[in-house]
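**Student:** Have a look at the structure that comes next, please.
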Amino acid sequence: MEQKWLQQLPKLDLHCHLDGSMNLETVSCLLKEQGIIIPKEQLQKELLVSEDCESLHEYLQKFDLPLKCLQTESGLKQAAMDLLESAALENVKYLEVRFAPMFSVAGGLSCNRVIESVLDGILEAQRQWDIRASVIVCAMRHYPLEKNLKMLDCAREYLGEGVCALDLAGDEAAFPTSEQRELFQMAKQLNMPFTIHSGECGSIVNVKEAITVGTKRMGHGIALMKDSSLMKQCREMGIGIELCPTSNFQTKAVNDWKGYPLRRFLEEGLLATVNTDNRTVSNTTVTKELLSLSENMGLDEGMIRQLLKNSVEISFAADNIKHRLLKEMEK
Numbered sequence: 001m002e003q004k005w006l007q008q009l010p011k012l013d014l015h016c017h018l019d020g021s022m023n024l025e026t027v028s029c030l031l032k033e034q035g036i037i038i039p040k041e042q043l044q045k046e047l048l049v050s051e052d053c054e055s056l057h058e059y060l061q062k063f064d065l066p067l068k069c070l071q072t073e074s075g076l077k078q079a080a081m082d083l084l085e086s087a088a089l090e091n092v093k094y095l096e097v098r099f100a101p102m103f104s105v106a107g108g109l110s111c112n113r114v115i116e117s118v119l120d121g122i123l124e125a126q127r128q129w130d131i132r133a134s135v136i137v138c139a140m141r142h143y144p145l146e147k148n149l150k151m152l153d154c155a156r157e158y159l160g161e162g163v164c165a166l167d168l169a170g171d172e173a174a175f176p177t178s179e180q181r182e183l184f185q186m187a188k189q190l191n192m193p194f195t196i197h198s199g200e201c202g203s204i205v206n207v208k209e210a211i212t213v214g215t216k217r218m219g220h221g222i223a224l225m226k227d228s229s230l231m232k233q234c235r236e237m238g239i240g241i242e243l244c245p246t247s248n249f250q251t252k253a254v255n256d257w258k259g260y261p262l263r264r265f266l267e268e269g270l271l272a273t274v275n276t277d278n279r280t281v282s283n284t285t286v287t288k289e290l291l292s293l294s295e296n297m298g299l300d301e302g303m304i305r306q307l308l309k310n311s312v313e314i315s316f317a318a319d320n321i322k323h324r325l326l327k328e329m330e331k
């Protein structure tokens, strides 16, 4: 399949972390403002995951430096603007950018100002580029429940005003979803849609828990392939699956293309989608992900279009935006 066709195809990215998608130049500039100077080659080594990455835990260590850059209003705004620009340049028409607001309060910003700064960056980028975006706020697995509840209460003020949903992220193997069950009960009470990182580390228990608490989508969902009854449940409930192939291989969620569940998910009628996860850490784009799937799994044009239509269907976008996206795909 031609890369040019994939590049020009209108695309979506529903699972993309802000801190894992900052460009090197911006990180370098923001670090310099703090008196931290790192040579370009060393910075690249610090930000991009190596080919011999052995686990999700190791993968997550790549976020330490970017988070130092997300402690000011200007840093947060610039990161959001850069992300939308890079996505727009590969013809991504809609992006759901996720980040953890409480990771950015160390410098004295309030949760409100953190969220508002990212939304400011999105609004500015939308004025410059042909792209639309929404924010998914991340609660963190290793945080006490009370801290996540406080963040949710804050983020709810922006629902429909740039924020579209809640997520639970972090080290899934060490902190099971069940420890944050009350968070999702509160989200339902506040009418806040949510997705949950589930089954990235092989835990079918976390997949079951996500379904039980009422998730609309699953981040990664790799372990779902272990249980056909759960796949049926997801199909019947219309639960979306946010696959991120490059990241899934890097974190060792899967080890080879033969074991990658995308084709089976499609055959089972699941609303599977393809996303980047972390554009910088994984050195990827939506175009690269689709090209890789075409080359390694034989996905044809029809399958790729279905993946993108699935993305529209499970997105947290307003109906008018979904309608516009589908129209663009028909051109």
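Counting from 1, one number per residue, gives the positions in the sequence shown under full-length UniProt numbering.
Even glycine gets a Cβ: it sits at the ideal position worked out from N, Cα and C.
This structure is a prediction, so every number in the text was calculated from the model and none was measured.
1. Are residue 274 and residue 245 close, meaning C-beta to C-beta below 9 Å?
2. Within 10 angstroms of the Cβ of residue 64, are there 16 or more other Cβ atoms? Answer buried if so, exposed if not.
3. Extract the residue ranges of the beta strand (DSSP E) inside the stretch 56–111, only unbroken runs of 3 or more that lie entirely within it.
4. Check for me: the alpha helix (DSSP H) holding residue 16 runs from which residue to which?
5. What span of residues does the alpha helix (DSSP H) with residue 207 cover, start to end?
6. Please return the same chain residues whose Cβ sits closer than 8 Å to the Cβ of residue 182, not counting the five positions on each side in sequence.
7. Grab the span of the alpha helix (DSSP H) containing residue 242 for me, first residue to last.
8. Roughly how many whole angstroms lie between the Cα atoms of residue 333 and residue 262?
9. Nearest to residue 164 by CA position, among 179, 77, 195, 33, is which residue?
10. Are there 16 or more other CB atoms within 10 angstroms of the CB of residue 311, so buried, or fewer, so exposed?
11. At what residue ranges does the stretch 127–211 contain a whole run of the beta strand (DSSP E), taking only runs of 3 or more?
12. Just to confirm, are residue 285 and residue 134 a CB contact at a threshold of 9 Å?
13. When you compare the stretch 39–58 with the stretch 2–18, are there three or more beta-carbon pairs, one atom per stretch, that lie closer than 8 Å?
14. Could you pull the start and end residues of the beta strand (DSSP E) that residue 271 belongs to?
15. To the nearest angstrom, how far is it from the Cα of residue 92 to the Cα of residue 79?
16. So the alpha helix (DSSP H) residue 235 belongs to, where does it begin and stop?
17. Going by C-alpha to C-alpha distance, which of 199, 130, 99 sits closest to residue 155?
18. Starting from residue 219, follow its DSSP beta bridges and name the residues at the other end.
19. State the DSSP-derived secondary structure class of residue 120, mapped to helix, strand or coil.
20. By a C-beta neighbour count over all protein chains shown, 10 Å radius and 16 as the cutoff for buried, is residue 32 buried or exposed?
21. Which residue spans inside the stretch 267–329 form an unbroken beta strand (DSSP E) run of at least 3?
22. Round the Cβ separation of residue 95 and residue 19 to the nearest angstrom and send it over; I've been treating them as touching at under 8 Å.
23. Given residue 171, which residues of its chain have a CB within under 7 Å of its CB, disregarding the five upstream and five downstream residues?
24. From 324, 330, 67, pick the residue whose C-alpha is nearest to that of residue 132; which is it?
25. So, using beta-carbon positions, are residue 279 and residue 242 closer together than 9 Å?
26. Are the CB atoms of residue 186 and residue 153 within a distance shorter than 9 Å?
27. Assuming the contact rule is C-beta atoms closer than 8 Å, residue 235 and residue 266 should be a hit. Round their C-beta distance to whole Å, please.
28. How about residue 304 and residue 326: are their beta carbons less than 9 Å apart?
29. Within its chain, find whatever has a CB closer than 7 Å to the CB of residue 72; leave out the 5 residues flanking it on each side and keep chain order.
30. Hey, could you find the ends of the alpha helix (DSSP H) residue 31 is sitting in?
31. List the whole-angstrom C-beta distance separating residue 166 from residue 197, where the pair is believed to meet the contact cut-off of C-beta under 8 Å.
32. Out of curiosity, what's the CA-to-CA distance linking residue 314 and residue 81?
**Tutor:** According to the structure shown:
1. Yes, the Cβ-Cβ distance between residue 274 and residue 245 is below 9 Å.
2. Taking a 10 Å sphere around the C-beta of residue 64, we find fewer than 16 other C-beta atoms and assign the residue as exposed.
3. 92–99, all fully within the stretch 56–111.
4. For residue 16, no alpha helix (DSSP H) segment is defined; the enclosing uninterrupted segment is the beta strand (DSSP E) at 11–17.
5. If you look at residue 207, you'll find it in the alpha helix (DSSP H) that goes 204–213.
6. Cβ-Cβ distances below 8 Å link residue 182 to 145, 149 in the same chain, with the five nearest sequence neighbours on each side left out; the list follows chain order.
7. No alpha helix (DSSP H) holds residue 242; the beta strand (DSSP E) holding it covers 240–243.
8. Summary: the structure shown does not reach residue 333, with the chain confined to residues 1 through 331, and so no result is reported for it.
9. With distances taken between Cα atoms, residue 164 lies closest to 195.
10. Buried.
11. Counting only runs of 3 or more, we get 132–140, 163–169, 195–198.
12. If you check the CB distance, residue 285 and residue 134 do not come in under 9 Å.
13. Counting Cβ pairs under 8 Å, fewer than three are found: no touch.
14. Start and end: 271–274.
15. Going by the C-alpha atoms only, they are around 17 Å apart.
16. Start and end: 228–237.
17. The residue with the shortest Cα to Cα distance from residue 155 is 99.
18. In DSSP, residue 219 forms a bridge with 197, 242.
19. The answer is helix: DSSP assigns residue 120 an H, G or I state.
20. With fewer than 16 other Cβ atoms within 10 Å, it is exposed.
21. Unbroken beta strand (DSSP E) stretches of 3 residues or longer found wholly inside the stretch 267–329: 271–274, given in chain order.
22. Rounded to whole angstroms, the Cβ separation of residue 95 and residue 19 is 15 Å, and the two are not in contact under 8 Å.
23. The answer, listed in chain order, is 56, 57, 60, 141, 142.
24. It is 324 whose Cα lies nearest to the Cα of residue 132.
25. No, they are not a contact pair.
26. Taking 9 Å as the cut-off, the Cβ atoms of residue 153 and residue 186 count as close.
27. Contact between residue 235 and residue 266 is ruled out by a C-beta separation of about 11 Å, above the 8 Å threshold.
28. Not a contact, by the Cβ cut-off of 9 Å.
29. Around residue 72: 107.
30. Per DSSP, residue 31 belongs to the alpha helix (DSSP H) from 24–33.
31. That belief does not hold up - the Cβ atoms of residue 166 and residue 197 are roughly 12 Å apart, past 8 Å.
32. It is roughly 24 Å from the alpha-carbon of residue 314 to the alpha-carbon of residue 81.
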